[in-house]
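Per the numbering used here, residue 6 is the first one in the sequence shown, and the count goes up by one each step.
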Amino acid sequence: MYINVAQLLKEPTGSSRSFQIDESLGTDDINSVKGEVTLIRTNRGIMAKAEMTAGVTGICSRCLKPIDYDVNYDFNEECLPSVSTSEGLSSPDQTDNINIDESHMLDLSEIIRQYTLLTMPIKPLCRPDCAGICPSCGHNLNQGSCQCPSHAHDQRWSKLIHLGRESKT
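What follows is the structure, given as C-alpha coordinates:
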(Lines of atoms letter the chains of each structure in order from A and count residues from 1; the text may use other names and numbers.)
(Lines give C-alpha, C1' and ligand atoms only; values in the text may rest on other atoms or scores of the structure.)
Protein backbone atom coordinates (compact mmCIF):
# COMPACT_ATOMS: atom_id res chain seq x y z
CA MET A 1 0.00 0.00 0.00
CA TYR A 2 2.22 2.73 -1.30
CA ILE A 3 1.08 6.36 -1.31
CA ASN A 4 3.07 9.11 -2.99
CA VAL A 5 3.38 11.94 -0.45
CA ALA A 6 5.86 14.20 -2.32
CA GLN A 7 3.34 17.00 -2.88
CA LEU A 8 1.97 16.79 0.67
CA LEU A 9 5.50 17.14 2.09
CA LYS A 10 5.89 20.44 0.19
CA GLU A 11 2.63 21.87 1.54
CA PRO A 12 2.25 23.83 4.80
CA THR A 13 1.63 22.20 8.16
CA GLY A 14 -2.00 21.15 8.55
CA SER A 15 -2.58 20.24 4.91
CA SER A 16 -4.28 16.88 4.48
CA ARG A 17 -5.30 14.24 1.98
CA SER A 18 -7.72 11.32 2.42
CA PHE A 19 -7.49 7.96 0.70
CA GLN A 20 -9.86 5.00 0.51
CA ILE A 21 -8.10 1.67 0.88
CA ASP A 22 -9.51 -1.60 -0.41
CA GLU A 23 -6.61 -4.00 -0.83
CA SER A 24 -5.87 -7.69 -0.54
CA LEU A 25 -2.81 -8.46 1.57
CA GLY A 26 -2.92 -12.24 1.58
CA THR A 27 -0.33 -12.50 4.38
CA ASP A 28 -0.46 -13.69 8.01
CA ASP A 29 -4.07 -14.86 7.56
CA ILE A 30 -5.11 -11.31 6.55
CA ASN A 31 -7.29 -11.56 3.46
CA SER A 32 -8.34 -7.97 2.80
CA VAL A 33 -8.16 -4.51 4.30
CA LYS A 34 -10.68 -1.71 3.80
CA GLY A 35 -10.93 1.73 5.28
CA GLU A 36 -9.99 5.37 5.09
CA VAL A 37 -6.57 6.88 5.71
CA THR A 38 -6.09 10.59 6.27
CA LEU A 39 -2.57 11.97 5.90
CA ILE A 40 -1.90 15.28 7.66
CA ARG A 41 1.25 17.35 7.15
CA THR A 42 3.07 18.04 10.42
CA ASN A 43 6.14 20.15 11.07
CA ARG A 44 8.32 16.98 11.05
CA GLY A 45 6.59 14.72 8.53
CA ILE A 46 3.12 13.22 8.09
CA MET A 47 0.56 11.96 10.59
CA ALA A 48 -1.38 8.95 9.28
CA LYS A 49 -4.83 8.51 10.83
CA ALA A 50 -6.88 5.51 9.78
CA GLU A 51 -10.10 3.64 10.45
CA MET A 52 -9.71 0.13 9.09
CA THR A 53 -11.57 -3.17 8.80
CA ALA A 54 -9.56 -6.28 8.00
CA GLY A 55 -10.94 -9.62 6.85
CA VAL A 56 -9.04 -12.37 8.66
CA THR A 57 -8.92 -16.16 8.46
CA GLY A 58 -8.37 -18.13 11.65
CA ILE A 59 -9.19 -21.33 13.52
CA CYS A 60 -11.98 -21.60 16.10
CA SER A 61 -10.29 -22.21 19.45
CA ARG A 62 -12.99 -24.68 20.58
CA CYS A 63 -13.93 -26.80 17.55
CA LEU A 64 -10.82 -26.18 15.38
CA LYS A 65 -12.93 -25.26 12.34
CA PRO A 66 -11.48 -22.66 9.90
CA ILE A 67 -13.37 -19.36 10.20
CA ASP A 68 -13.41 -15.95 8.53
CA TYR A 69 -14.12 -12.84 10.59
CA ASP A 70 -13.53 -9.08 10.57
CA VAL A 71 -11.47 -6.98 12.97
CA ASN A 72 -11.87 -3.20 13.26
CA TYR A 73 -9.24 -0.78 14.48
CA ASP A 74 -8.01 2.81 14.31
CA PHE A 75 -4.44 4.02 14.32
CA ASN A 76 -2.50 7.27 14.47
CA GLU A 77 1.13 7.00 13.42
CA GLU A 78 3.76 9.58 12.63
CA CYS A 79 5.69 9.01 9.41
CA LEU A 80 9.01 10.78 8.94
CA PRO A 81 10.82 11.34 5.65
CA SER A 82 14.16 9.57 5.30
CA VAL A 83 15.27 12.46 3.04
CA SER A 84 14.50 16.14 3.59
CA THR A 85 12.34 17.51 0.75
CA SER A 86 13.84 20.99 0.87
CA GLU A 87 17.57 20.19 1.08
CA GLY A 88 17.64 16.65 -0.30
CA LEU A 89 19.70 15.53 2.72
CA SER A 90 19.32 12.24 4.54
CA SER A 91 17.70 12.34 7.96
CA PRO A 92 19.09 10.28 10.84
CA ASP A 93 17.64 6.79 11.17
CA GLN A 94 14.25 6.79 12.88
CA THR A 95 13.71 3.24 14.13
CA ASP A 96 10.49 3.94 16.06
CA ASN A 97 8.65 5.62 13.21
CA ILE A 98 7.47 4.70 9.75
CA ASN A 99 9.85 6.18 7.23
CA ILE A 100 8.94 7.76 3.93
CA ASP A 101 11.49 6.51 1.39
CA GLU A 102 13.80 8.56 -0.84
CA SER A 103 11.22 8.70 -3.65
CA HIS A 104 8.61 10.09 -1.18
CA MET A 105 6.55 6.91 -1.10
CA LEU A 106 4.83 5.99 2.14
CA ASP A 107 4.30 2.24 2.60
CA LEU A 108 1.48 1.53 5.05
CA SER A 109 1.52 -2.27 4.54
CA GLU A 110 3.62 -3.08 7.59
CA ILE A 111 1.74 -0.82 10.00
CA ILE A 112 -1.61 -2.17 8.76
CA ARG A 113 -0.33 -5.74 9.15
CA GLN A 114 0.89 -5.06 12.70
CA TYR A 115 -2.33 -3.37 13.85
CA THR A 116 -4.41 -6.16 12.31
CA LEU A 117 -2.40 -8.83 14.13
CA LEU A 118 -2.65 -6.90 17.41
CA THR A 119 -6.43 -6.59 17.05
CA MET A 120 -7.09 -10.25 16.23
CA PRO A 121 -8.66 -12.16 19.15
CA ILE A 122 -6.37 -14.57 20.96
CA LYS A 123 -9.04 -17.29 20.99
CA PRO A 124 -11.41 -16.71 18.06
CA LEU A 125 -14.74 -18.55 18.06
CA CYS A 126 -16.86 -19.65 15.12
CA ARG A 127 -19.90 -18.59 17.18
CA PRO A 128 -20.33 -17.52 20.83
CA ASP A 129 -22.02 -20.78 21.86
CA CYS A 130 -19.52 -23.12 20.15
CA ALA A 131 -19.65 -26.49 21.93
CA GLY A 132 -16.11 -27.49 20.93
CA ILE A 133 -14.89 -31.04 20.45
CA CYS A 134 -15.24 -34.12 22.66
CA PRO A 135 -12.04 -34.56 24.69
CA SER A 136 -12.29 -38.34 24.34
CA CYS A 137 -13.13 -39.02 20.69
CA GLY A 138 -12.62 -35.62 19.02
CA HIS A 139 -16.17 -35.39 17.61
CA ASN A 140 -17.36 -31.85 16.81
CA LEU A 141 -20.09 -31.31 19.42
CA ASN A 142 -21.68 -28.56 17.27
CA GLN A 143 -22.84 -31.37 14.96
CA GLY A 144 -24.53 -33.31 17.78
CA SER A 145 -23.46 -35.38 20.74
CA CYS A 146 -20.96 -38.19 20.43
CA GLN A 147 -21.22 -41.85 21.48
CA CYS A 148 -18.84 -41.50 24.45
CA PRO A 149 -20.33 -42.38 27.87
CA SER A 150 -21.17 -39.21 29.77
CA HIS A 151 -19.33 -40.43 32.87
CA ALA A 152 -16.05 -40.90 31.02
CA HIS A 153 -13.26 -39.01 32.69
CA ASP A 154 -9.50 -39.12 32.96
CA GLN A 155 -8.50 -41.66 35.64
CA ARG A 156 -5.44 -39.59 36.55
CA TRP A 157 -7.75 -36.94 38.06
CA SER A 158 -9.58 -39.51 40.20
CA LYS A 159 -6.47 -40.14 42.30
CA LEU A 160 -5.96 -36.39 42.88
CA ILE A 161 -9.61 -35.86 43.82
CA HIS A 162 -9.44 -38.82 46.24
CA LEU A 163 -6.25 -37.44 47.84
CA GLY A 164 -7.88 -34.02 48.21
CA ARG A 165 -10.85 -35.51 50.08
CA GLU A 166 -8.54 -37.40 52.47
CA SER A 167 -6.60 -34.25 53.36
CA LYS A 168 -9.81 -32.45 54.44
CA THR A 169 -10.63 -35.10 57.05
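Heads up, the beta-carbon is just placed ideally off N, CA and C, and yes, glycines get one too.
Per DSSP, what kind of secondary structure is A55 in: helix, strand or coil?
Looking up residue 55 in the sequence shown gives position 50. Three-state result, A55: strand.
Could you tell me if T121 is buried or exposed, where buried requires 16 or more neighbouring beta carbons within 10 angstroms of its beta carbon?
Residue mapping note: residue 121 aligns to position 116 of the sequence shown, counting from 1. Its Cβ being crowded by 16 or more others within 10 Å, T121 is buried.
According to DSSP, simplified to helix, strand and coil, what is L123?
Along the sequence shown, one-based indexing puts residue 123 at 118. L123: helix per DSSP, three-state reduction.
Enumerate in chain order the residues of its own chain whose CB-to-CB distance from D27 is below 6 angstroms, with the five nearest sequence positions on each side excluded.
Here the question's residue 27 lines up with position 22 in the sequence shown. So the qualifying residues of the chain are K39.
Do you know how far the Cα of N36 is from the Cα of C151?
Locating residue 151 in the sequence shown gives position 146, where the first residue counts as 1. Locating residue 36 in the sequence shown gives position 31, where the first residue counts as 1. Taking the straight line joining both Cα atoms gives about 34 angstroms.
Report the option in H144, D112, G60 and D73 whose CA atom is closest to the CA atom of S29.
For the purposes of this step, residue 29 is taken as the residue at position 24 of the sequence shown. S29 has its Cα closest to that of G60, out of H144, D112, G60 and D73.
Under 8 angstroms between the Cβ atoms of S21 and L44?
Numbered from 1 along the sequence shown, position 16 holds the residue referred to as residue 21. Numbered from 1 along the sequence shown, position 39 holds the residue referred to as residue 44. Cβ distance < 8 angstroms, so S21 and L44 count as in contact.
Rounded to a whole number of angstroms, what is the C-alpha to C-alpha distance between D106 and A55?
For this step, residue 106 is matched to residue 101 along the sequence shown. For this step, residue 55 is matched to residue 50 along the sequence shown. So the alpha carbons of these two residues sit roughly 20 angstroms apart.
Rounded to the nearest angstrom, what separates T58 and P154 at their Cα positions?
As a first step, residue 58 is located in the sequence shown; it is residue number 53 there, counting from the start. As a first step, residue 154 is located in the sequence shown; it is residue number 149 there, counting from the start. Approximately 44 angstroms between the Cα atoms of the pair.
Taking just the CA atoms, how far does C139 sit from E82?
Along the sequence shown, one-based indexing puts residue 82 at 77. Along the sequence shown, one-based indexing puts residue 139 at 134. Cα-Cα distance, rounded: 45 angstroms.
With a Cβ-Cβ cutoff of 8 angstroms, do Y74 and P133 count as a contact?
Sequence index remark: in the sequence shown, residue 74 carries index 69 (1-based). Sequence index remark: in the sequence shown, residue 133 carries index 128 (1-based). Against a cut-off of 8 angstroms, the Cβ pair of P133 and Y74 comes out as no contact.
Give me the residue from T62, L69 and L13 with the minimum Cα distance to T47.
Locating residue 47 in the sequence shown gives position 42, counting from the first residue. The option with the nearest alpha carbon to T47 is L13.
Compare the C-alpha of M125 against each of L85, T62, L146 and R49 and name the closest.
The residue labelled residue 125 in the question sits at position 120 within the sequence shown. Considering only alpha carbons, the answer is T62.
Applying the criterion that 16 or more other CB atoms from any shown protein chain within 10 Å of the CB defines a buried residue, is G50 buried or exposed?
Counting from one through the sequence shown, the residue named residue 50 turns up at place 45. So G50 ends up on the buried side.
Let me know the secondary structure DSSP gives R22 once reduced to three states.
Residue 22 sits at position 17 when you count from the first residue of the sequence shown. Strand at R22.
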